[in-house]
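Below is one structure, written out as structure tokens, with a few remarks after it.
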Amino acid sequence: MLRALIILWGFRCPFPSAGWRRVEFFARFLAKKGFNIRVIGSIPISRDLMRNLRLIKNEKRKPTHNLVIINVPLHFSTYNPVKVWLLNVLLSLIGLLPVVVTYRPHIMIISIPNSDGVLAMYLAGRLMGSKIVIDVRDPSEEHLLRQTRSKFEKVLASTIRSINHSIYKRADLVVTVTLSLRNILRKAGIESVHLPNGADLEAFKPYPEERQHIRETLGIDESDVVLVFSGRLTYYYPLHKFLDYMAKAMRRIHYKERCKVKLLLVGENFSPILDYVEKLGLNSYVIYAGRYQKAKDLAKILSATDIGLIFRIDDPMFDYAIPAKFYEYVACGLPVFAVVRKSSELAKVIKDGGLGIICEPNDEKYIITFLEELTDKGRSLLKSYKQNAIKIRPRVNRIISGLKLYLLLQRILK
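Sequential numbering from -3 applies to the sequence shown in my numbering.
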């Protein structure tokens, strides 16, 4: 039986995120194809190390994931990974070598980000004669270079990028999640294959029979038009700005009785936003549904809403990205309201498919007008976009990328 390690370094697996869902799907898909799979994560060295180790010990007693997951407790987490890069290389080598030597994988799939352990993973894999596959989800090295301040840090970040890019060129296979990301790597002389995220259509689909119950549970009236924002809140999703626009819109349309526009939040890191909701007086318009580890549970929540929201920072650096939430929205039959740069790959995909409304990040007038139109026209405003989402749904099936990855692995193993 072919053995494969899938490494998601810098994260304690599993965790509610697009990166984990991609890795989990590929792991399960390859396991069904006959691979013996191990997923490797890591635990940061911190004051919470012992607590995390106890949590993992307890998780092992529960057969909830049906995957062999090994979290190696050797990773130094910091907001400035440049300064501790060499330390993390050494720590990851120490942590990974026993696993790699014991398991002797035929293939090692390294998921990027994080990229601070790439050198160690590459050396460990080559030592055991493993084929190396790099799965690039973000241009991690470019982000690293961008966040440096001093000249020394910039030189070090540039060196890290050169080392990692050299490894990517020597890998047996490089795959990327978007075409724009493939073009970024191509400019660096790295050839790659496009394997989009997509969505697991067995889990992410409309659940009309659950809609009423879920809305009642969450305190949503059937007449309410609900936008949903799903995922982990980070700095490149400045949702507080959307709330500012929403507050202005609600003040202008609060007297209208046709329907009420609400925002549903699903995921984690929302504590600061929920405080801001209270400050703006939007408590009756914004609902937090919690976080969901299982894809099917999340999909049921999504399918009880009316339109998916993507609100991204106004920065060309992120034009390459198509977030996994986009595919999940479409798979659940939701149109999309994307507040993104119109030059981005995401905007092009939405426009070409007629999948929703696109708005530049700082276009306050357009956003407020759109919310007013939702109040006036309700779901009828979204009807054609929803029909297009249902029509295009089979094309976002993650199995397409899973099968393509399987065939590529068969090719490099020969």
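Think of the CB as a built atom: it goes at the ideal place given N, C-alpha and C, for glycine as much as any other residue.
Asked, Found
"Considering Cα atoms alone, identify which of Lys79, Gly91, Gln143 and Ser188 is closest to valine 129.", "Ser188"
"Restricting to Cα atoms, I'd like to know which of Val132, Lys150 and Val170 is closest to leucine 140.", "Lys150"
"Arginine 166 to lysine 296, Cα distance in whole Å?", "43 Å"
"Hey, how far is the Cα of leucine 4 from the Cα of glycine 185?", "24 Å"
"Taking the straight line between their C-alpha atoms, what separation do you get for leucine 87 and serine 107?", "18 Å"
"With 16 other CB atoms within 10 Å as the buried threshold, where does lysine 56 fall?", "Here the model assigns lysine 56 a pLDDT of 47, short of 50, so the residue's position is not dependable, and the following value carries that caveat. Label assigned to lysine 56: exposed."
"Assign threonine 371 to buried or exposed, taking buried as 16 or more other Cβ atoms, counted over all protein chains shown, within 10 Å of its Cβ.", "buried"
"With DSSP run on the structure shown, which of helix, strand or coil describes proline 40?", "strand"
"Measure from the alpha carbon of glycine 286 to the alpha carbon of each residue in Val273, Gly263 and Lys275, then state which is nearest.", "Gly263"
"Scan the segment 151 to 212 and note each continuous beta strand (DSSP E) run of 3 residues or more that stays entirely inside, going in chain order.", "169 to 172"
"Where do the N-terminal and C-terminal ends of the alpha helix (DSSP H) with lysine 361 fall, by residue?", "360 to 373"
"Do the segment 225 to 237 and the segment 304 to 315 make contact, defined as three or more Cβ pairs closer than 8 Å?", "yes"
"Closer than 6 Å by C-beta to valine 19: which residues in its own chain qualify, once you throw out the five before and the five after it? Chain order, please.", "Ile2, Leu4 and Ser107"
"Tell me the DSSP secondary structure of histidine 236 in three-state form.", "helix"
"Can you name, in chain order, every residue of its own chain whose Cβ lies under 8 Å from the Cβ of isoleucine 52, other than the five neighbours on each side?", "Residue placement at isoleucine 52 is flagged as unreliable, the pLDDT there being 48, under the threshold of 50; a coordinate-derived value is accordingly withheld."
"Could you compute how far the alpha carbon of leucine 223 sits from the alpha carbon of lysine 79?", "41 Å"
"Taking the beta strand (DSSP E) that histidine 71 belongs to, which residues open and close that run?", "64 to 71"
"Tell me the DSSP bridge mates of lysine 258?", "Val222"
"Where does leucine 4 fall in DSSP's three states?", "coil"
"So, is aspartate 271 buried or exposed, given that buried needs 16 or more other C-beta atoms within 10 angstroms?", "exposed"
"Out of Ile318, Ile33 and Asp112, state which residue places its alpha-carbon closest to the alpha-carbon of leucine 152.", "Asp112"
"Are phenylalanine 314 and isoleucine 346 touching if we call contact CB-CB under 9 Å?", "no"
"Need the endpoints of the alpha helix (DSSP H) that glycine 352 sits in, please.", "Taken as a continuous stretch (DSSP letters only), glycine 352 belongs to no alpha helix (DSSP H), being part of the beta strand (DSSP E) at 352 to 355."
"Going by the DSSP bridge assignment, what does lysine 127 pair with across the sheet?", "Ile103"
"Checking 9 Å against the spacing of the C-beta atoms, do tyrosine 99 and isoleucine 163 come in under that value?", "no"
"Should methionine 242 be labelled buried (16 or more other beta-carbon atoms within 10 Å of its own) or exposed?", "buried"
"Within 10 angstroms of the Cβ of lysine 183, are there 16 or more other Cβ atoms? Answer buried if so, exposed if not.", "exposed"
"Using a Cβ distance threshold of 8 Å, determine whether the segment 207 to 216 contacts the segment 399 to 406, with at least three qualifying pairs required.", "no"
"So for leucine 305, helix, strand or coil by DSSP?", "strand"
"Please report the distance separating the alpha-carbon of lysine 58 from that of valine 64.", "In this prediction, lysine 58 scores a pLDDT of 42, lower than 50, which makes its location untrustworthy; the coordinate-derived value is nonetheless stated afterwards. Using only the alpha carbons, I get a separation of about 12 Å."
"Among Leu70, Pro109, Leu82 and Glu198, whose alpha-carbon lies nearest the alpha-carbon of leucine 93?", "Leu70"
"With DSSP collapsed to three states, give me the class of alanine 385.", "helix"
"Under a three-way DSSP split, which group does tyrosine 231 fall into?", "coil"
"Please determine, among Pro101, Pro312 and Phe31, the residue with the shortest C-alpha to C-alpha distance to alanine 120.", "Pro101"
"Have a look at the DSSP bridge pairing and note the partners of isoleucine 216.", "Its beta-bridge partners do not exist; DSSP assigns none."
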